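Working notes, beginning with the structure itself.
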Amino acid sequence: MKDIKYSSAELMIINAARLLRDSDVVFVGVGQPNLACNLAKRTHAPNLVMIYEAGVIGAEPERLPLSIGDPTLVSGSLSVVSMYDIFSNYLQRGNVDVGFMGGAQIDKYGNINATVIGGYDHPKVRLPGSGGSQEIAAWANRCYIMTPHQKRRFPEKVEFMTSAGFIGGRGDRDAAGLRGRGMVGVVTDIGMMEPDESGEMILTALHPGKTVDEAKANTGWDLKVAGQIRVTELVSKKELKILREELDPTGIYLKSNA
Amino acid sequence: MKDIKYSSAELMIINAARLLRDSDVVFVGVGQPNLACNLAKRTHAPNLVMIYEAGVIGAEPERLPLSIGDPTLVSGSLSVVSMYDIFSNYLQRGNVDVGFMGGAQIDKYGNINATVIGGYDHPKVRLPGSGGSQEIAAWANRCYIMTPHQKRRFPEKVEFMTSAGFIGGRGDRDAAGLRGRGMVGVVTDIGMMEPDESGEMILTALHPGKTVDEAKANTGWDLKVAGQIRVTELVSKKELKILREELDPTGIYLKSNA
Amino acid sequence: MSKLISLKKAISDYVNDGDVVYAAGFTHLIPFAAGHEIIRQGKRNLILARATPDLIYDQMVAAGCAKKVIFSYMGNPGVGSLRIVRTAIEKGELEWEEYSHFGMITRLQAGASGLPFLPMNQTGATDLEKVNPKIKRIPDPYGGKDVIVVPALNPDVAIVHVQRADKNGNAHLWGIIGEQKEAAFAAKKVILTAEEIVAESVIRADPNRTMIPGIVVSAVCHVPFASHPSYSQGYFDRDNEFYLAWDKISESQESVQEYLDEWVYGVKDRNAYWKKLGQKVHKRLSIKPRYSEKISYGKY
Amino acid sequence: MSKLISLKKAISDYVNDGDVVYAAGFTHLIPFAAGHEIIRQGKRNLILARATPDLIYDQMVAAGCAKKVIFSYMGNPGVGSLRIVRTAIEKGELEWEEYSHFGMITRLQAGASGLPFLPMNQTGATDLEKVNPKIKRIPDPYGGKDVIVVPALNPDVAIVHVQRADKNGNAHLWGIIGEQKEAAFAAKKVILTAEEIVAESVIRADPNRTMIPGIVVSAVCHVPFASHPSYSQGYFDRDNEFYLAWDKISESQESVQEYLDEWVYGVKDRNAYWKKLGQKVHKRLSIKPRYSEKISYGKY
Numbered sequence: 483m484k485d486i487k488y489s490s491a492e493l494m495i496i497n498a499a500r501l502l503r504d505s506d507v508v509f510v511g512v513g514q515p516n517l518a519c520n521l522a523k524r525t526h527a528p529n530l531v532m533i534y535e536a537g538v539i540g541a542e543p544e545r546l547p548l549s550i551g552d553p554t555l556v557s558g559s560l561s562v563v564s565m566y567d568i569f570s571n572y573l574q575r576g577n578v579d580v581g582f583m584g585g586a587q588i589d590k591y592g593n594i595n596a597t598v599i600g601g602y603d604h605p606k607v608r609l610p611g612s613g614g615s616q617e618i619a620a621w622a623n624r625c626y627i628m629t630p631h632q633k634r635r636f637p638e639k640v641e642f643m644t645s646a647g648f649i650g651g652r653g654d655r656d657a658a659g660l661r662g663r664g665m666v667g668v669v670t671d672i673g674m675m676e677p678d679e680s681g682e683m684i685l686t687a688l689h690p691g692k693t694v695d696e697a698k699a700n701t702g703w704d705l706k707v708a709g710q711i712r713v714t715e716l717v718s719k720k721e722l723k724i725l726r727e728e729l730d731p732t733g734i735y736l737k738s739n740a
Numbered sequence: 483m484k485d486i487k488y489s490s491a492e493l494m495i496i497n498a499a500r501l502l503r504d505s506d507v508v509f510v511g512v513g514q515p516n517l518a519c520n521l522a523k524r525t526h527a528p529n530l531v532m533i534y535e536a537g538v539i540g541a542e543p544e545r546l547p548l549s550i551g552d553p554t555l556v557s558g559s560l561s562v563v564s565m566y567d568i569f570s571n572y573l574q575r576g577n578v579d580v581g582f583m584g585g586a587q588i589d590k591y592g593n594i595n596a597t598v599i600g601g602y603d604h605p606k607v608r609l610p611g612s613g614g615s616q617e618i619a620a621w622a623n624r625c626y627i628m629t630p631h632q633k634r635r636f637p638e639k640v641e642f643m644t645s646a647g648f649i650g651g652r653g654d655r656d657a658a659g660l661r662g663r664g665m666v667g668v669v670t671d672i673g674m675m676e677p678d679e680s681g682e683m684i685l686t687a688l689h690p691g692k693t694v695d696e697a698k699a700n701t702g703w704d705l706k707v708a709g710q711i712r713v714t715e716l717v718s719k720k721e722l723k724i725l726r727e728e729l730d731p732t733g734i735y736l737k738s739n740a
Numbered sequence: 131m132s133k134l135i136s137l138k139k140a141i142s143d144y145v146n147d148g149d150v151v152y153a154a155g156f157t158h159l160i161p162f163a164a165g166h167e168i169i170r171q172g173k174r175n176l177i178l179a180r181a182t183p184d185l186i187y188d189q190m191v192a193a194g195c196a197k198k199v200i201f202s203y204m205g206n207p208g209v210g211s212l213r214i215v216r217t218a219i220e221k222g223e224l225e226w227e228e229y230s231h232f233g234m235i236t237r238l239q240a241g242a243s244g245l246p247f248l249p250m251n252q253t254g255a256t257d258l259e260k261v262n263p264k265i266k267r268i269p270d271p272y273g274g275k276d277v278i279v280v281p282a283l284n285p286d287v288a289i290v291h292v293q294r295a296d297k298n299g300n301a302h303l304w305g306i307i308g309e310q311k312e313a314a315f316a317a318k319k320v321i322l323t324a325e326e327i328v329a330e331s332v333i334r335a336d337p338n339r340t341m342i343p344g345i346v347v348s349a350v351c352h353v354p355f356a357s358h359p360s361y362s363q364g365y366f367d368r369d370n371e372f373y374l375a376w377d378k379i380s381e382s383q384e385s386v387q388e389y390l391d392e393w394v395y396g397v398k399d400r401n402a403y404w405k406k407l408g409q410k411v412h413k414r415l416s417i418k419p420r421y422s423e424k425i426s427y428g429k430y
Numbered sequence: 131m132s133k134l135i136s137l138k139k140a141i142s143d144y145v146n147d148g149d150v151v152y153a154a155g156f157t158h159l160i161p162f163a164a165g166h167e168i169i170r171q172g173k174r175n176l177i178l179a180r181a182t183p184d185l186i187y188d189q190m191v192a193a194g195c196a197k198k199v200i201f202s203y204m205g206n207p208g209v210g211s212l213r214i215v216r217t218a219i220e221k222g223e224l225e226w227e228e229y230s231h232f233g234m235i236t237r238l239q240a241g242a243s244g245l246p247f248l249p250m251n252q253t254g255a256t257d258l259e260k261v262n263p264k265i266k267r268i269p270d271p272y273g274g275k276d277v278i279v280v281p282a283l284n285p286d287v288a289i290v291h292v293q294r295a296d297k298n299g300n301a302h303l304w305g306i307i308g309e310q311k312e313a314a315f316a317a318k319k320v321i322l323t324a325e326e327i328v329a330e331s332v333i334r335a336d337p338n339r340t341m342i343p344g345i346v347v348s349a350v351c352h353v354p355f356a357s358h359p360s361y362s363q364g365y366f367d368r369d370n371e372f373y374l375a376w377d378k379i380s381e382s383q384e385s386v387q388e389y390l391d392e393w394v395y396g397v398k399d400r401n402a403y404w405k406k407l408g409q410k411v412h413k414r415l416s417i418k419p420r421y422s423e424k425i426s427y428g429k430y
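Protein chains in written order, with my numbering: chain A, 483 to 740; chain B, 483 to 740; chain C, 131 to 430; chain D, 131 to 430.
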């Protein structure tokens, strides 16, 4: 098995897919989260229901969707509703189990910045903004993020809090009365971080061959390590085959960080 | 012309129809208002758009609808929307020109009671309640009501204000910030009442052969009479023919008060 | 993953004594079959919510299932008074809570959205606000007139009849859609009855028509004609004769009891009820098709 | 009563300098043709509102039409950054006002409903609230957590592309329906562009499909392919190659000017634009039909 080669993207996608449970209702983003969900659906979670913020429920895309509003998500889906409905009746009402987040920065308490680097009024780098992520982070039962393990992506504190993880600690999240459990898993190309009792993201798993030191060196805060650190299951040929042959045959999303 | 015979209902329906303008968007009730609107559409207002609180827009019923949710209102209509949409996007937003009201009592300031006779907590006669009339009265541009001219139907003050006319006078309505112009015409079998500058309903028209004394004797407040009192146009053969032959051939709604 | 069970089992499993029940519909698709099954199973102390309680709530109140109604217009649609509910209120035998249509539907919309409340503009008619403490007013934080607010309504169970659903509860409905969607999202549990159970592919062939997704549905029951004497658009007509007949039946307790004995307690299920109605009624209510224009979603 | 006019006339008559314009759509049915016509007519100082400003707003900003954007996610969908809007903001050359998606859509929903504001639950992320004074919080009058509120958005003009409409503006749309309905009801004027103008009878054959009623529409324009390089579900595919190409074009002012000269100023209207794209592109974007299952409304 040890001669199986895979990219960082493939490693993250496969490990993210494994976090999904059968019958989960997942709020999916395009790109890597979409691949993770479709991989899960084709392996251990055939009853996964994929929801897109464009208002599509139960998508079964016949081709790789290239945007969150791709027409292939619509044809053959279970339902299409307005944006107001998807955010109110689905997300705010508590009908979404899993949210996949994106963002330029994620901090020690799982908070995300997708808005701005530098001051808000005079931005150095103006990012796309919240989109749906402010609400997904608050109201989905479980949130995950996939991101390469790099110091600049993991500052101690985000410059702008686009979406709440545990804010300044778990008590803050409880005080705001948010229904979801927050950022429960950060999948990187080194391993995985999960929140401890205080809401601080700590290293809980390493991918085969990766080390605690690598993780610490690439994290912007003093990364704690779980008492029992897990090693993730090896990437399987079957998982790679589905990804490469069925889901992204031209490698649009799989090639990154190869 | 003077030997044309008609019922009180026919007289009221025909006079109400004449109040509608071409291209008005009308919030229609079943029964007499429905007949008035369909009569107007077949005579001077071919572009009338009929909206029903059941959520139907632009109905063109092929048979006489027997309830406000009759399936004949749906088949061949322009649009069908949810109740929330019809009350918010159409009525509250100000997309309705005319509302037809019903109710057991209407008072000196055009307020309507469709809720209860006797105390609210221990009702003597429990009426159906507001339905949509609280909102129609507030937000349609012009409201009309058709009702036989009887003292018990026209008390000085309603026992329960289900829907606002001018409340205690026009200033009250302005203070509440209601968008519609309120109760602008009460069509009875004697004539018609319209609000004066203070919002008080005064006698402004008589049907041919009716008298001011009759109107006063059948009104529960000291009915004022307009300086210039109008006599309504004679009911025409054409109007009666459409009502009797096309719209209500079995006389379900036309026979009352014959 | 199929949620397809009998209506008898659905009512038994998902409706409890004391529940807030919202049997949805505005004149159309009224879930009579479910109401009759609730009566047969002798559920008690229900709080019956609906903008437009009609004959089925009259029957459930007559059968002693309810302790309270929440409503905005109480009538026999197109006919007149809803005698049994009305009399029970006049006699002080039934609790009630009352809104305008918009107030009632706004409560459901808030419930469906997961919000604690929603605002409405003022109507100038304040008497209902005076007698119902749940109706409040709050300032407009943007400096306009105060707005009226009502709290979310989240029924324990919503019962919704639809034209077609798959076995997981993904449902197409059309014609008058009243507050069915809002009730389904607002409720904690949803019982669906359907004229037809169709393959998932039929639902997936027109996703914009799906108003209720299976993920909020607890039980799916195949019950053709479940809405009689109301109607199912495209399937059969409203039985107006029965609405008129009920106006007479509901005049006396004896005739109501006779009706319940014969048409509710006396039949096993909706299938038996429909057969008992007989071919003459079936024929009177039958309609000819009038098809929609197809659309293409495109192969992508 | 026909509102059918040319897009040129519609933009000339209904879009004024300084207007708040909402060109609606979430990736789907983006009204590019109308945006190009606005550029050709040299409209100025527009406030461009949309949850998801994409290439058409990038182009309108590049052409000098806008003084401000109101948005919740600013990107080239599926590709990356929206370079021109982004750079203009970074350089301080463009005003902006920002919400989350739900905040933006809630503003429109309030506008569509005729309400002054609508509430949302708290999200714990308060930084946007700190920089945008229009986002406020108020107490829940029923004793729960404070809620977040946003004010109604009532654009001067909404521009909505639809699959089919009649000449009075009654419109069927399907596929991703984003915020088109809310924008149309919220706006003071509505310009509709349509892939097809159909007989009123086609609309009336499926009234539940009608999302925008003619009574709120000011102008109806027959503009096939108006949404290219976005798509119209069932009519043609998204031109992903162009979205990728724009990522390059928008890197320099020169190439943007060249693009505008050739594809906007250099063509008379959408018909000329589509012809200029050529048969190879037409073929690449063509799709095979995939039809909905018909339903019956019934003859009543």
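C-beta atoms are modelled at their ideal positions from N, C-alpha and C, and glycine is treated no differently. All values derive from a computational prediction rather than experimental measurement.
Cβ-based contacts, 7 Å cut-off: residues of the stretch 323-335 of chain C near chain A
Ile333 and Arg334
When Cβ atoms are compared, which residues of the stretch 548-566 of chain B fall closer than 8 Å to chain D?
Asp552, Pro553, Thr554, Val556, Ser557, Gly558, Ser559, Leu560, Ser561 and Val562
Ala242 (chain C) at chain A interface by Cβ criterion, 9 Å
yes
Any beta carbon from chain A within less than 9 Å of Lys275 (chain D)'s own beta carbon?
yes
Three-state secondary structure (DSSP) at Trp703 (chain A)?
coil
Distance, Tyr272 (chain D) Cα to Met250 (chain C) Cα:
16 Å
Verify the CB distance criterion: does Ile345 (chain C) have a CB-CB separation below 9 Å to chain A?
yes
Short Cβ contact (9 Å threshold) for Asp286 (chain C) with Val332 (chain C):
no
Can you round the beta-carbon distance between Tyr152 (chain C) and Ala349 (chain C) to whole angstroms, since I take them to be within the 8 Å contact cut?
Wrong, their Cβ atoms sit about 15 Å apart, outside the cutoff.
Spatial neighbours of Arg414 (chain C) within its chain, please: CB distance less than 7 Å, with the 5 preceding and 5 following residues excluded, ordered by chain position.
none
Express the C-alpha separation of Arg635 (chain B) and Ala179 (chain C) in angstroms, rounding to a whole number.
31 Å
Using a cut-off of 7 Å between C-beta atoms, extract the partners of Ser645 (chain A) located in chain C.
The contacting residues do not exist; Ser645 (chain A) stays about 18 Å from chain C at best.
Quick check on DSSP: helix, strand or coil for Arg663 (chain A)?
coil
Rounded to the nearest angstrom, how far is the Cβ of Gly428 (chain D) from that of Ile425 (chain C), given a contact under 8 Å?
No, Gly428 (chain D) and Ile425 (chain C) are not in contact; Cβ-Cβ is about 19 Å, not under 8 Å.
For the 8 Å Cβ check, are there 3 or more pairs between the stretch 619-638 of chain A and the stretch 695-713 of chain A?
yes
Taking Leu245 (chain C) as the query, report the chain A residues whose CB atoms sit under 8 Å from its CB, ordered along the chain.
Ser570 and Gln574
On the three-state DSSP scale, how would you describe Gly205 (chain C)?
strand
For Asp367 (chain C), decide whether its Cβ has a neighbour in chain D, counting only Cβ atoms nearer than 9 Å.
yes
State whether the stretch 385-394 of chain D contacts the stretch 318-336 of chain D, with contact taken as three or more CB pairs (one from each stretch) at a distance under 8 Å.
no
Could you please give the first and the last residue of the uninterrupted beta strand (DSSP E) stretch that includes Met494 (chain B)?
Unbroken run through Met494 (chain B) is the alpha helix (DSSP H), Ser490 to Arg500; no beta strand (DSSP E).
Cutoff 9 Å: Ala740 (chain B) Cβ touching any chain C Cβ:
Here the model assigns Ala740 (chain B) a pLDDT of 37, short of 50, so the residue's position is not dependable, and the following value carries that caveat. No, because no Cβ of chain C sits closer than 9 Å to the Cβ of Ala740 (chain B).
Chain C beta carbons: is any one of them nearer than 9 Å to that of Val580 (chain A)?
no
Between the stretch 366-398 of chain D and chain A, which residues of the former have a C-beta closer than 7 Å to a C-beta of the latter?
Asp367, Arg368 and Asn370
Would you check if there are 3 or more beta carbon pairs closer than 8 Å linking the stretch 618-625 of chain A to the stretch 274-283 of chain D?
no
Would DSSP call Ser243 (chain C) helix, strand or coil?
helix
Identity of the residue in B:Phe648, B:Leu729, B:Cys519 and B:Arg661 nearest Arg500 (chain B) by Cα:
B:Cys519
Using a Cβ distance threshold of 8 Å, determine whether the stretch 553-561 of chain A contacts the stretch 220-237 of chain C, with at least three qualifying pairs required.
no
For Tyr421 (chain C), which residues in chain B fall below 8 Å Cβ to Cβ?
Near Tyr421 (chain C) there are no residues of chain B at all, since even the closest Cβ is about 11 Å away, more than 8 Å.
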